[in-house]
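Heads up: the sequence lines are chains A and B, in that order. Mapping the first sequence onto full-length UniProt numbering, position 233 (from 1) lands on 233, and the numbers just tick up by one. Mapping the second sequence onto full-length UniProt numbering, position 18 (from 1) lands on 18, and the numbers just tick up by one.
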Amino acid sequence: MDKIEALWNRRRSEYWKMASRYWKLITMNSGLTFVLYVILIVGSIYYKKWLDTLTPSFPSALLIALAVGIFVIRSPIRTFIESADLVFLLPLETQLEIYFKKSRLYSFQLQCVTIIVLLVLFSPLYFRMINHSFLALAASAILIFAAKWWNIDCKWQEQYIPQPFMIKLVRAVVSFGFVYAVVNGRLIFLVLILICVMAIISLISRRLANQRLLKWDRLLEMENKQLMILYRFANLFTDVPQLKGKVKPRFWLNALTQFTYGQPSVFKMFYAKTFIRSHEYFGMFIRLTVAGMVIELFLTNGYSTYFILLAVMYISAVQLLTLWRHITPQALADLYPIHEQIKQQNYLQILFSLLVIQGVLLSIAGAVAVGSFISFIILLILSLALNAVFTLGYVRAKIKSTPV
Amino acid sequence: MEKVLDVSHLKGGYSINQPVLHNLNFHVNKGELVGLVGLNGAGKSTTIKHILGLLEPFEGAIRVNGKTIKEDKMFYRSQMAYIPETPDLYEQLTLKEHLELSAMAYQIDEKDFQKRMNRLLEMFRMENKLKWFPGHFSKGMKQKVMIMCAFLVQPNLYVVDEPFVGLDPIGIQSFLDLMKEMKEDGAAILMSTHILSTAEQYCDRFIILHDGKIAIQGTIDEIKEKYGDTRASLHDIYVAVARGETSWIR
């Protein structure tokens, strides 16, 4: 069916458009490419040094098989399905074979690229310790690709099977054994046996799957998980709207959000819990704080520590301003019989406390870098001064003039 | 009879050039459950928004226990609880935290809060979901959370907008039982709904809204009598009004 193929193609290209937009944003804003170059160059120097120290007893094949094996066994299938498909595409399930075939092929190709990158990375180790010949590595690669395809195929059958845990386990063990035997190069007999085992497993899982229905919600979950990888990564550098409103329980931080029972604590509790659990605030705050501390540890000349502390706190404070406007349910919070002033005070208290915590952390890092206790006191006073001016001066005036 | 909610000469809506409600006059007494019925777009939700103080009247006044929202906002707000048609929850708070915040906001004594919470959880079969987030709740469960938040407060006035849709039978029964109990304790309840058979059974009086005006109001017997057919159900009368067969009203 043309239309279904076209649908798949459109979804794939939409995904790539979105991904490339994020990628542009990331590379433009962060100097990530530069960092990657540095890691590559420095890494290759140390890699070479490390290779020189290796003795013949080093388990090279095991190491390679472990690293590559993970990516052979992990076989998520990109289907590009959306939650609405569970309503609209479901009736077409019988005609979607081509759609899912394309998905499997696509996932296979992409995951092979990952494996190639890994093999290139390990090739110096392979050539030195296992086999000098390029042909041997190329032949291994082809066998590993075949195992990759087998894994994808099994993974697809598993989408029909109600409890695929055992099959998954067997698939993982067999795949790992296969990759190890292939990389090792001297276990051809084992390779042949494992190929037979794989064929049998394929037969069994096909038979198990045949009598079953496709588990659409599992497909959707698998798709969403893969999308999240992109979103989370991009979120390290920029704001991802899809992650807005995502809630993480973070129950281990609950102790920090205990307030005395009573009306004056209502919005303290609301702001504290919102800060900790909503995706956008907590992650941002931690990232900025850690980044600030790391920079302080490396840049210790002159007044840079003071500057970094002020800059990080200022940026964090500005970002936390949006917490004030965090949407509250109209039916509950907007109807509470609580004075607006109490809400404002509660917000300022939470903001102030967060900035105090950040100030202390940045002061500790700064003082450790400089190596004097006096500078800790100075940094702390500086952070409190900024906090007071910003929170009690600027923010207080701002939220009074623009109530929610 | 003591009027808890008193709406007089209310003209209102979203834009002053296009008022949706025209000269509404009605009240809800202490211990009374009044049904607000009308087609989609008749003005039920707009009326409710005015009562909640989310919209300002263009003309007329809304008093709760004698005071308008302008006279004493905190008093006005503390008198009522609202159960909306579409559940509206804090995505980042658990069920327990929703209840806790409501109780704290309305200054419920901590011991009362515990007692009431446990009872409500049991009534709505939500005892083991205290640590759940709304993201994991079905529509009906979310509705139950809203209902529990309202009944936890035990205010003088309940404003309820179409509570039945999505609730399971146990939920509906618990909700009806609670309404009855609160009524007997002296609460006033204004409930908008399309489930007429249930409304007919439970409401003391009805207000039938049509095109932003009150077509008719009164007890079911009064309305039937005026309609001229004592065997007619609320459903029949409501359909007649909605179809424009209103000659019997005046």
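Built from N, CA and C at the ideal position, the CB exists for glycine as well.
Practice item. Give the residues of chain B in contact with S265(A), contact being defined as C-beta atoms less than 7 Å apart. Key: Neighbours of S265(A) on chain B, chain order: M104.
Exercise for review: In the DSSP assignment, find the unbroken beta strand (DSSP E) run with R63(B) in it and report its ends.
Suggested key: Here the beta strand (DSSP E) through R63(B) covers E59 to V64.
Review point. Taking only runs of the alpha helix (DSSP H) that begin and end inside the region 58 to 128 of chain A, which ones reach a length of at least 4 residues, in chain order?
Key: Segments of the alpha helix (DSSP H) lying fully in the region 58 to 128 of chain A: 60 to 73 and 85 to 88.
**Study point:** Proximal residues to L130(B) (C-beta, below 8 Å), its chain only, five neighbours per side dropped
**Key:** T94, L95, K96 and L121, listed in sequence order.
Practice item. Report yes if the C-beta distance between S174(B) and F137(B) is below 8 Å; otherwise report no. Key: Judged by their CB atoms, S174(B) and F137(B) are not nearer to each other than the 8 Å cut-off.
Check your understanding: In angstroms, rounded to a whole number, what distance separates the CA positions of A81(B) and E280(A)?
Key -> Spanning the two alpha carbons is a distance of roughly 31 Å.
Review point. In the region 58 to 83 of chain B, which residues sit with their C-beta less than 9 Å from some C-beta in chain A, listed in chain order?
Key: Answer set for the region 58 to 83 of chain B: K73, M74, F75, Y76, R77, S78, Q79, M80, A81, Y82 and I83.
Review point. Buried or exposed: A291(A), going by 16 or more other Cβ atoms within 10 Å of its Cβ?
Key: Around the C-beta of A291(A), fewer than 16 other C-beta atoms lie within 10 Å, and the residue is accordingly described as exposed.
Check your understanding: Which whole-angstrom value describes the C-beta separation of R78(A) and Y106(A), a residue pair presumed to lie in contact below a C-beta threshold of 8 Å?
Key -> Cβ atoms of R78(A) and Y106(A) come within 8 Å of each other, at about 6 Å.
Point to revise | Helix, strand or coil at R205(B) according to DSSP, with G and I counted as helix | key: It is a strand residue.
**Study point:** alpha helix (DSSP H) runs contained entirely in the region 183 to 246 of chain A, provided each spans 4 or more residues
**Key:** Runs of the alpha helix (DSSP H) inside the region 183 to 246 of chain A: 188 to 210 and 216 to 235.
Review point. Which residues in chain A sit within 7 Å of M146(B), going by Cβ to Cβ distance?
Key: Here the neighbours are A331.
Review point. G43(B) by DSSP, collapsed to three states: which one?
Key: When secondary structure is reduced to three states using DSSP, G43(B) falls in the coil class, being assigned neither helix nor strand.
Practice item. Look at the alpha carbon of K273(A) and the alpha carbon of S197(B), and state the distance between them as a whole number of angstroms. Key: Distance from the CA of K273(A) to the CA of S197(B), rounded to the nearest whole angstrom, comes to 43 Å.
Exercise for review: Given a cut-off of 8 Å, decide if V160(B) and I189(B) are closer than it, judged by their beta-carbon atoms.
Suggested key: Pairing I189(B) with V160(B) gives a Cβ-Cβ distance under 8 Å.
**Study point:** Top-ranked residue by Cα proximity to L7(A), from F34(A), I98(A) and S57(A)
**Key:** Of F34(A), I98(A) and S57(A), the residue nearest in Cα terms is I98(A).
Exercise for review: Please compile the residues from chain B whose C-beta is within a distance smaller than 7 Å of the C-beta of R277(A).
Suggested key: Q92, listed in chain order.
Check your understanding: Tell me which same chain residues have a C-beta within less than 6 Å of the C-beta of Y22(A), skipping the five on either side of it?
Key -> These residues qualify, in order along the chain: A234.
Exercise for review: Give a yes or no on whether 8 Å exceeds the smallest Cβ distance from L157(B) to chain A.
Suggested key: No, its Cβ sits nowhere closer than 8 Å to a Cβ of chain A.
Check your understanding: Helix or strand or just coil, what does DSSP make of G140(B)?
Key -> In the structure shown, G140(B) sits in a helix (DSSP, three-state: H, G or I).
Check your understanding: Within 10 angstroms of its Cβ, does D109(B) collect 16 or more other Cβ (buried), or is it exposed?
Key -> Classification of D109(B): exposed, given that the 10 Å Cβ count is below 16.
Review point. Under 8 Å between C-beta atoms, does F151(B) make it to chain A?
Key: Any Cβ of chain A closer than 8 Å to the Cβ of F151(B) would place that residue at the interface, and such an atom is absent.
Check your understanding: Would you say P337(A) faces chain B, with C-beta separation under 8 Å as the test?
Key -> Yes, P337(A) counts as interfacial toward chain B.
Check your understanding: For I195(B), which of helix, strand or coil comes out of DSSP?
Key -> When secondary structure is reduced to three states using DSSP, I195(B) falls in the coil class, being assigned neither helix nor strand.
Exercise for review: Could you spell out the range, first to last residue, of the alpha helix (DSSP H) harbouring Q263(A)?
Suggested key: Neither: Q263(A) is in no alpha helix (DSSP H) and is coded neither H nor E.
Exercise for review: Would you check if the distance between the CB atom of I399(A) and the CB atom of Q330(A) is smaller than 8 Å?
Suggested key: Cβ atoms of I399(A) and Q330(A): not closer than 8 Å.
Review point. Just curious, the alpha helix (DSSP H) that S44(A) is in, first and last residue?
Key: S44(A) -> alpha helix (DSSP H) spans L32 to T53.
Check your understanding: Going by C-alpha distance, which of V34(B), M141(B), A61(B) and L33(B) is nearest H22(B)?
Key -> It is A61(B).
Check your understanding: Do W216(A) and L86(A) have their C-beta atoms closer together than 8 Å?
Key -> Annotated as proximal: W216(A) and L86(A), with beta-carbon spacing under 8 Å.
Review point. Are P87(B) and K139(B) closer than 8 Å when you measure CB to CB?
Key: Cβ atoms of P87(B) and K139(B): closer than 8 Å.
Check your understanding: Of all the residues that make up the region 120 to 136 of chain B, which are near chain A by a beta-carbon distance shorter than 7 Å?
Key -> Cβ contacts with chain A: F133 and G135.
Check your understanding: Taking the Cβ atom as the reference point for each residue, do M191(B) and P163(B) lie within a distance shorter than 8 Å?
Key -> Closer than 8 Å, so yes.
Exercise for review: State yes or no: is the C-beta of N156(B) within less than 8 Å of the C-beta of V4(B)?
Suggested key: Yes, the pair counts as a contact, with Cβ atoms nearer than the cut-off.
Point to revise | For I229(A) and I201(A), the rounded distance between their alpha carbons | key: Here the C-alpha atom of I201(A) lies approximately 30 Å from the C-alpha atom of I229(A).
Check your understanding: In chain B, what lies closer than 7 Å to T274(A) by C-beta?
Key -> Neighbours of T274(A) on chain B, chain order: Q92.
Point to revise | Any chain A beta carbon closer than 8 Å to Q107(B) | key: Output row for Q107(B): interface = yes.
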